[in-house]
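Undergrad:
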Ligand code: SF4
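Residue numbers (the working numbering): 160 to 357.
(1) Let me have the residue list for the ligand SF4: C-beta closer than 6 Å to any non-hydrogen atom, ordered along the chain.
(2) Using a Cβ-Cβ cutoff of less than 6 Å, which residues in the same chain neighbour residue 288 once the five nearest sequence positions on both sides are dropped?
(3) So which of 188, 185, 186, 198 has the shortest CA-CA distance to residue 175?
(4) According to DSSP, simplified to helix, strand and coil, what is residue 228?
(5) Here's the rule I'm using: 16 or more other beta-carbon atoms within 10 Å means buried, otherwise exposed. How should residue 286 be labelled?
(6) Can you check which of these residues, 244, 227, 346, 272, is closest to residue 190 by C-alpha distance?
(7) Could you give the residue range of the beta strand (DSSP E) that holds residue 182?
(8) Would you identify the three-state DSSP class for residue 341, choosing helix, strand or coil?
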């Protein structure tokens with residue numbers, strides 16, 4: 160698969176037909192994707208499952224910003240459970256991994272598995288995420304995690320949209336400024352926080 164070809168516009172026929180359930184990790188990563196979806200009249204629902212975010216205060220802050228985004232663009236938002244112990248459990252032995260390493264692969268997979276389950280239960284045909292938007296993330300790794308997470312899924316599919324394609328980064332930065340969106344200084348887990356504090 161040529162990952163460079165995974166441009167938003169190539170998925171428009173499916174998106175226009177069925178809409179999308181968008182896994183949202185945080186508002187700064189989602190805002191430009193949401194604007195593009197709205198501009199193209201795509202039925203969009205936001206889904207928030209991020210047990211990797213520590214501590215609870217930080218989690219609530221990011222969730223609050225996603226709620227603000229949903230209100231601004233008039234979108235429905237589902238908040239799934241916050242179970243940070245599940246994240247810590249699956250990260251055991253991987254604490255020292257660098258960002259973009261095995262711990263991050265598991266972290267993406269875990270969140271996308273939950274997305275798949277929610278989409279199946281609630282009859283969403285298409286899903287995607289903004290997990291690969293940040294330049295600190297490995298977009299290919301998010302796609303590989305989605306392939307594993309959606310193995311054997313029935314009735315729902317993950318569309319591996321590469322939101323970085325299409326000159327969107329400048330627009331994303333503008334929207335963050337315009338809407339005064341909180342931008343965090345670390346990815347989310349305690350291990351990523353430690354690195355920024357060194
Ligand atoms: S660095 Fe980010 S993607 Fe990687 S495990 Fe931590 S929270 Fe998840």
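Note that beta-carbon positions come from the ideal geometry of N, C-alpha and C, so glycine has one too.
TA: Judging by the given coordinates:
(1) Matched residues: 211, 258, 262, 263, 266, 346, 347, 348, 350, 351.
(2) Leaving aside the five residues that flank residue 288 on each side, the residues in its chain whose CB is nearer than 6 Å to its CB run, in chain order, 182.
(3) Shortest Cα-Cα distance from residue 175 to any of 188, 185, 186, 198 involves 198.
(4) Looking at residue 228 - three-state DSSP - the assignment turns out to be helix.
(5) Per the 10 Å Cβ criterion, buried.
(6) The shortest C-alpha separation from residue 190 is found at 227.
(7) Residues 179 to 182.
(8) In the three-state scheme derived from DSSP, where H, G and I count as helix and E and B as strand, residue 341 is classed as coil.
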